[in-house]
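Numbering (our numbering), first residue to last: 1 to 102. For glycine and all other residues, C-beta sits at the position ideal for the given N, C-alpha and C. Since the structure is predicted, the reported quantities are computational estimates derived from the model, not experimental observations.
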Amino acid sequence: MQAVQCQGGDVGDAPMFRAAFVHNRCPILADAYFELRIQPYGQHPYTLARRDGVPMMFVELWDIWKGTDGGKHRSFTLITTESNNIVRPCYDRMPVTVENEN
1 MQAVQCQGGD
11 VGDAPMFRAA
21 FVHNRCPILA
31 DAYFELRIQP
41 YGQHPYTLAR
51 RDGVPMMFVE
61 LWDIWKGTDG
71 GKHRSFTLIT
81 TESNNIVRPC
91 YDRMPVTVEN
101 EN
């Protein structure tokens, strides 16, 4: 399985993601996710979660494709966007999330 990140503004136009964007979207629920912040003394992992403990729903794409070896390969793509003020000190990108309006 192969994982990739795709910047949200590019996802519908990028040839690599175009078919998956139309046909293979999927929500992923998560209690938290991790970012590695680069520090002068090395990388420091940060756990990012909602304060209220409610799971986050990320937007991902998936695909099954035929490789040059003739085998089928599975891949998924986490769609990212520019970080908000909370995440920005850790990293300049963050997952696109879907908010529950109910």
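By the C-beta density criterion, residue 61 is buried, having at least 16 other C-beta atoms within 10 angstroms.
The bridge partners DSSP lists for residue 44 are 37.
With respect to residue 64, residue 11 sits apart: the two C-beta atoms are not nearer than 8 Å.
Between residue 74 and the set 15, 20, 14 and 46, the nearest pair of CA atoms involves 20. Taking C-beta atoms as the reference points, residue 49 and residue 69 fail to come closer than 8 Å.
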